[in-house]
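Each residue of the sequence shown is one higher than the one before, starting from 0 at the first, in numbering that gives the first Met the number 0.
Ideal Cβ positions, reconstructed from N, Cα and C, are used throughout, including at glycine.
Being a predicted model, the structure only gives us computed values, none of them experimental.
For reference, the structure discussed in these notes is given below.
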Amino acid sequence: MKNLAFDWNELKFFLAVARSGGLSGAAAVLGTSASTVSRHVDALERRTGRKLFLRQQSGYALTDDGSELLAHAGQVEQAMAAAAAPGDAQRAVSGVVRLATTEMLAQFLVAPRLAALRTLHPALRVELDIAMAAVKLSRREADLALRMAAPDDGAGDYIARRIGKVDFALYRAAAVSHDSGDYISWDGAWDGLPMAAALRTAFDGKPPVLACNSLPTQIAAARSGVGAAMLPCFIGDAEPALQRMGRLATPVSRDLWLVYHRDLKASLRVQAMAAFLTEITGVCHARDL
């Protein structure tokens, strides 16, 4: 389908139906009649030789071929928007984009770099949903999620991409001249994390002197000399009051997954956020482990 030439007039009808889920909604968006929308969609299907929608009582659902075309049509739409405002394409990205992620990723990775996103897309506004539990993208609780775990719920409805990894290492207070043998870990609800398991192994099963599920609290405690903490390297290496304790017997890392609903893959604001997140996650990989 990549090699087919498309007329923008046809594609805009296709996009309107794909996004609204039916003829009536598309007609309202385009200011025309449902029969006109249907005629253009039918003509596009004949010209491509592909069935783009499943006609259901509940509305129009994209087929696999329709989903493939949606990705290309979204790119054409962005190019048209850029052509309509030469030199000012960034302003085409506007509105609110909602990102669900963890406290750690929000505070130490995303928030410190949002100014760069604002410079690129000044009309884009961001909402951060910070929670330990994963939000339900199918319920539109957020537009995208940045997770350290692959989605296991409704994966067929989502686009999930591994966009990087977070490397972890042991850190202790730089002012401490010797290893006390004490460490800080996650509480019982989160002691199944790979980082917690690595800590138990590193300290021969000894219980932690502090257990909590807040990474900023763990950092503050490690900085004050309470004990060693298992921290992301991009955070620990940037803390002048902390020092890395050396190599672990088995390196610890977590994959970073970007997840969003298939219905949003042509959204300019969602793709702008996805591109931003993909770029900034490069700092999370420690090359000297």
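Subject >> Cβ pair Phe167, Cys232 closer than 8 Å >> reply: Position 168 of the sequence shown, counted from the start, is the residue given in the question as residue 167. Position 233 of the sequence shown, counted from the start, is the residue given in the question as residue 232. It is a contact, given that the beta carbons lie within the stated cut-off.
Subject >> DSSP state of Trp189 mapped onto helix, strand, coil >> reply: Against the sequence shown, residue 189 aligns to sequence position 190. Of the three classes helix, strand and coil, the one that applies to Trp189 here is helix, per DSSP.
**OP:** Pick out whichever of Leu113, Ser57, Asp142 has its Cα sitting closest to the Cα of Gln270.
**Re:** If you number the sequence shown from 1, residue 270 lands on position 271. Of the listed residues, the one whose Cα sits closest to Gln270 is Asp142.
Original post:
Under a three-way DSSP split, which group does Val215 fall into?
Top reply: On the sequence shown, residue 215 is found 216 positions in, with the first residue counted as 1. Strictly speaking, residue 215 in this sequence is Pro, with Val absent from that position. It is helical.
**OP:** State yes or no: is the C-beta of Trp189 within less than 8 Å of the C-beta of Ala195?
**Re:** Reading the sequence shown from its first residue, position 190 is the one you call residue 189. Reading the sequence shown from its first residue, position 196 is the one you call residue 195. The answer is yes: Cβ separation under 8 Å.
Original post:
Which residues in the same chain have their Cβ closer than 6 Å to the Cβ of Glu238, if we skip the five residues on either side of it in sequence?
Top reply: Along the sequence shown, read from residue 1 onward, the residue named residue 238 stands at position 239. Taken in chain order, the list of residues that qualify is empty.
Original post:
Do you know offhand how far Ile234's Cα is from Arg268's?
Top reply: What you label residue 234 is simply residue 235 of the sequence shown in a count that begins at 1. What you label residue 268 is simply residue 269 of the sequence shown in a count that begins at 1. Cα-Cα distance, rounded: 28 Å.
Original post:
Which stretch, first to last residue, makes up the alpha helix (DSSP H) that contains Leu119?
Top reply: Residue numbering aside, residue 119 sits at position 120 when the sequence shown is read from its first letter. From DSSP, the alpha helix (DSSP H) with Leu119 extends over 113-119.
Original post:
Using a Cβ-Cβ cut-off of 7 Å (strictly less than) and excluding sequence neighbours within five positions of Arg261, which residues of its own chain qualify?
Top reply: Along the sequence shown, one-based indexing puts residue 261 at 262. Counting only Cβ-Cβ distances below 7 Å, and skipping sequence neighbours, we find Ser66, Asp156, Tyr157, Ile158.
Subject >> Cα-Cα separation, Ala173 to Gly245 >> reply: The count along the sequence shown starts at 1 and reaches residue 173 at position 174. The count along the sequence shown starts at 1 and reaches residue 245 at position 246. The alpha-carbon atoms of Ala173 and Gly245 are separated by roughly 13 Å.
Original post:
Around the C-beta of Val95, are 16 or more other C-beta atoms found within 10 angstroms, so that it is buried, or is it exposed?
Top reply: Start at 1 with the first residue of the sequence shown, and residue 95 comes out as number 96. Exposed, since its Cβ has fewer than 16 Cβ neighbours within 10 Å.
**OP:** Confirm, please, whether the CB-CB distance from Tyr182 to Pro207 is below 8 Å.
**Re:** Numbered from its first residue, the sequence shown carries residue 207 at position 208. Numbered from its first residue, the sequence shown carries residue 182 at position 183. Yes, they are a contact pair.
Original post:
First and last residue of the beta strand (DSSP E) that includes Ala149?
Top reply: Here the question's residue 149 lines up with position 150 in the sequence shown. Per DSSP, Ala149 belongs to no beta strand (DSSP E) and is neither H nor E.
Original post:
Are there 16 or more other CB atoms within 10 angstroms of the CB of His177, so buried, or fewer, so exposed?
Top reply: Here residue 177 refers to the residue found at position 178 of the sequence shown. Its Cβ having fewer than 16 others within 10 Å, His177 is exposed.
Original post:
Hey, would you say Arg146 sits closer than 8 Å to Glu126, going by beta carbons?
Top reply: The residue labelled residue 146 in the question sits at position 147 within the sequence shown. The residue labelled residue 126 in the question sits at position 127 within the sequence shown. Not a contact, by the Cβ cut-off of 8 Å.
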